[in-house]
Every structure is written in structure tokens, then in C-alpha cells.
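Q: All you need for our numbering is the position in the sequence shown, starting with 1, plus 443.
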Amino acid sequence: MSKKIIAGNWKQNGTLKSSISLTKKVLQAVKKKKYTHEIIIIPPSIFLLPIKDLIHKSQIKLGAQNVSAFNDGAYTGEISGSMLKDSGVDYCLVGHSERRHIIKEDESDFSSKVSRLIDNDIKVIYCFGETLNDYKNKKTKLIIKRQLKKLFFNNKNSLKKHPSKLILAYEPVWAIGTGLIPSPEELVSTFKYIKNTVNKFDKKYASIQILYGGSVTPDNASSLMDTEHIDGLLIGGASLIAKKFIDICSTI
Ligand code: PGA
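(1) Can you tell me the Cα-Cα spacing of Ser666 and Pro493, whole angstroms?
(2) Have a look at Gly531, Lys588, Asp577 and flag the residue whose alpha-carbon is nearest the alpha-carbon of Gly506.
(3) State the start and end residues of the unbroken alpha helix (DSSP H) segment that holds Leu465.
(4) Would you kindly work out how many angstroms separate the C-alpha atoms of Ser650 and Ser607, rounded to a whole number?
(5) Give me the DSSP bridge partner(s) of Gly656.
(6) By alpha-carbon positions, which one of Leu594, Ile653, Glu671 ends up nearest to Val631?
(7) Confirm, please, whether the CB-CB distance from Thr640 to Leu575 is below 8 angstroms.
(8) Are there 16 or more other CB atoms within 10 angstroms of the CB of Asn600, so buried, or fewer, so exposed?
(9) Can you give the beta carbon distance from Leu470 to Ile498, rounded, assuming they're within the 8 angstroms contact cut?
(10) Under the DSSP definition of a beta bridge, which residues are partnered with Ile610?
(11) What does DSSP give as the partner residue(s) for Lys582 in the beta ladder?
(12) Pro627 and Glu394 - do their beta-carbons sit closer together than 8 angstroms?
(13) Who are the Cβ neighbours of Met668 in its own chain at under 6 angstroms, not counting the five residues just before and after it?
(14) Within its chain, find whatever has a CB closer than 7 angstroms to the CB of Trp617; leave out the 5 residues flanking it on each side and keep chain order.
(15) CA-CA distance, Lys556 and Ala450?
(16) Taking just the CA atoms, how far does Leu459 sit from Phe644?
(17) Is it right to say His544 is buried, meaning 16 or more other beta carbons lie within 10 angstroms of its own, or is it exposed?
(18) Are there 16 or more other CB atoms within 10 angstroms of the CB of Ser462, so buried, or fewer, so exposed?
(19) Check whether the Cβ atoms of Lys686 and Thr660 sit closer than 8 angstroms, and answer yes or no.
(20) Looking at C-alpha atoms only, which residue of Arg542, Asn597, Glu550, Ser523 is the closest neighbour of Ile565?
(21) Would you mind giving the Cβ-Cβ distance between Lys476 and Ser693, rounded to the nearest angstrom? I have them listed as a contact below 8 angstroms.
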């Protein structure tokens, strides 16, 4: 069975100094406790290399927040999958709500990015989830199905060949950075739905892990993790505060 996952997405925050200090604190906790789950930190790309040197040979894995949709070449400002691989990156986010709604990326961008990552042997953490409006209009499952269908259809060949390269992260847009989370009943029902939907696409996908993200804190982490089919947590705000991130790692 795969390890449970705790991933901290630092987003566009911090300085080199604060990122190094945060990494050192997490590293210290990891060395002391030897967690049995996979711990992933996802700093801004410009800090990946110095952080890679710090966590080298430790239990902490490195994630990137974004990847270019293109292979190496004339794409000013972009960072390719092979460059991420070369920099020690093991995981990369795709489809995060901020990239969908602020940067205006769409499913075709995401499918190119998924391919580039799988080609470079980097695991994809694919984020999806409904907006507040969808939630209010009781369209959560409809939206989830639509997003998952696009992901699995657009990347059919590579995902069927490498299902273990994909991790799903259900993040209701209205729960990100708001302090709100779905009720326990909603979580049970939604995760069951995600699991069934993915399994219906192909039996090969049965072991794909599903994370929850959106306003995770040390207080709600363990009850979230007790929910059936939740295999881990994707944490934003709380991952920027060493004590909170370590507390979350320790509570599960
Ligand atoms: P949050 O962010 O934990 O601050 O709500 C989660 C995310 O965006 O992945």
C-alpha cells in the first residue's frame, strides 16, 4: 500500500532566507520523528535548488508548483519538466485553482503539462474541485466528473501506462484559504464519488491516491485523514508556518 501523503504548497510566498529556515525546521522534525508518511514541500521554483541541497538524503520530497507545457526550447520564462527533474523534483502540481482561475490555464494546458511531467518521471498532483457557485447550485459531482473525464481522456495513453505517476487532489475552490471546509458527510460522499468515477474509467486506476486540500489546519487534519478514501492532505497557508505543518504531520 502507498504511504499517506502530506504536501505543503508554499505558493508565491517567502524569501530565500525564510524558505531555508522553514525547510530546516521541517527537516529537524522529520529527523526526530521519522514519519511513516510521504512528506512533500512545494516551494517557489526559484528556491528549489537550495532547498534540494538541504533535504538531500532526508525523508522530505521536493515538489514544484508549475511546469512548462513545452519541452526545452524558445519559451521565455518557462521551466521544463526535464529542468525540474534535473533539479531533484519528484512531484509537481497541475490544475491548481489559482492557475485555473487567476492565470486562466485550461484543460489543454493541463494535459500538456501532465504529459511533460510523466515523460520526465515526475509525479503529477492534479488539483480539481468546484467553485462556490457550483457548490451552492449542488453541482459538485457534475463538475468533478467533468474535470476528471477531461484529465483521464486527454492523457489516456500515458496514464494507462503509468497510473502510479498520478495523484489526485480534491480542493473545493471555496475552501482554499477561507477557513471553510466541507462537512464530514459531504467529504464522505464526494470522496466515494471520486473513487468510483476514477475506477469506472479503468480498473488500473484503482490504486490512485486522492488528497484533500482547502483550509487544512492542525485542528482538522486528523479527522480529515480519518475520512474514507482520503489518502493525504495538500496544505497551503498552514504549510508556511513550521509549527503548524509539523503538527499536521505529527497528528496523523
Ligand atoms: P489553503 O490552500 O490550505 O491555504 O486553503 C490549499 C491549496 O491551495 O492547496
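Just so it is clear, CB atoms sit at the ideal spot from N, CA and C, and this is done for glycine as well.
A: Checking against the coordinates, here is how it stands:
(1) Locating residue 666 in the sequence shown gives position 223, where the first residue counts as 1. Locating residue 493 in the sequence shown gives position 50, where the first residue counts as 1. Each residue's alpha carbon lies about 34 angstroms from the other.
(2) On the sequence shown, residue 506 is found 63 positions in, with the first residue counted as 1. The residue with the shortest Cα to Cα distance from Gly506 is Gly531.
(3) Here residue 465 refers to the residue found at position 22 when the sequence shown is read from its first residue. Residues 459-476.
(4) Indexing the sequence shown from 1 puts residue 650 at position 207. Indexing the sequence shown from 1 puts residue 607 at position 164. Roughly 8 angstroms separates the two Cα atoms.
(5) Taking the first residue of the sequence shown as 1, we reach residue 656 at position 213. The partner list for Gly656 (beta bridge, DSSP) reads Leu677.
(6) Locating residue 631 in the sequence shown gives position 188, counting from the first residue. Among Leu594, Ile653, Glu671, the Cα nearest to that of Val631 is on Glu671.
(7) Counting from one through the sequence shown, the residue named residue 575 turns up at place 132. Counting from one through the sequence shown, the residue named residue 640 turns up at place 197. Not a contact, by the Cβ cut-off of 8 angstroms.
(8) Counting from 1 along the sequence shown, the entry for residue 600 is found at position 157. Exposed.
(9) On the sequence shown, position 27 is the one that residue 470 refers to. On the sequence shown, position 55 is the one that residue 498 refers to. Sure, about 6 angstroms apart at Cβ, within 8 angstroms.
(10) Start at 1 with the first residue of the sequence shown, and residue 610 comes out as number 167. Ile568, Gln652.
(11) Numbered from 1 along the sequence shown, position 139 holds the residue referred to as residue 582. None, per the DSSP bridge assignment.
(12) Here the chain covers residues 444 to 695 and nothing more, so residue 394 does not appear.
(13) Sequence index remark: in the sequence shown, residue 668 carries index 225 (1-based). Here the set comprises Ile695.
(14) In the sequence shown, residue 617 corresponds to position 174, counting from 1. Taken in chain order, the residues that qualify are Thr574, Leu575, Tyr578, Leu623.
(15) For the purposes of this step, residue 556 is identified with residue 113 of the sequence shown, where counting begins at 1. For the purposes of this step, residue 450 is identified with residue 7 of the sequence shown, where counting begins at 1. Approximately 20 angstroms between the Cα atoms of the pair.
(16) Within the sequence shown, numbered from 1, the residue matching residue 644 stands at position 201. Within the sequence shown, numbered from 1, the residue matching residue 459 stands at position 16. When rounded, the distance between both Cα atoms is 43 angstroms.
(17) As a working mapping, residue 544 is identified with position 101 in the sequence shown. When all chains shown are included, His544 counts as exposed.
(18) As a first step, residue 462 is located in the sequence shown; it is residue number 19 there, counting from the start. With 16 or more other Cβ atoms within 10 Å, it is buried.
(19) Here residue 686 is taken as the residue at index 243 of the sequence shown, counted from 1. Here residue 660 is taken as the residue at index 217 of the sequence shown, counted from 1. No, Cβ-Cβ distance for Lys686 and Thr660 is not below 8 angstroms.
(20) The residue given as residue 565 occupies position 122 in the sequence shown. It is Ser523 whose Cα lies nearest to the Cα of Ile565.
(21) Your numbering for residue 476 matches position 33 in the sequence shown. Your numbering for residue 693 matches position 250 in the sequence shown. The pair is a contact, with the Cβ atoms about 7 angstroms apart (cut-off 8 angstroms).
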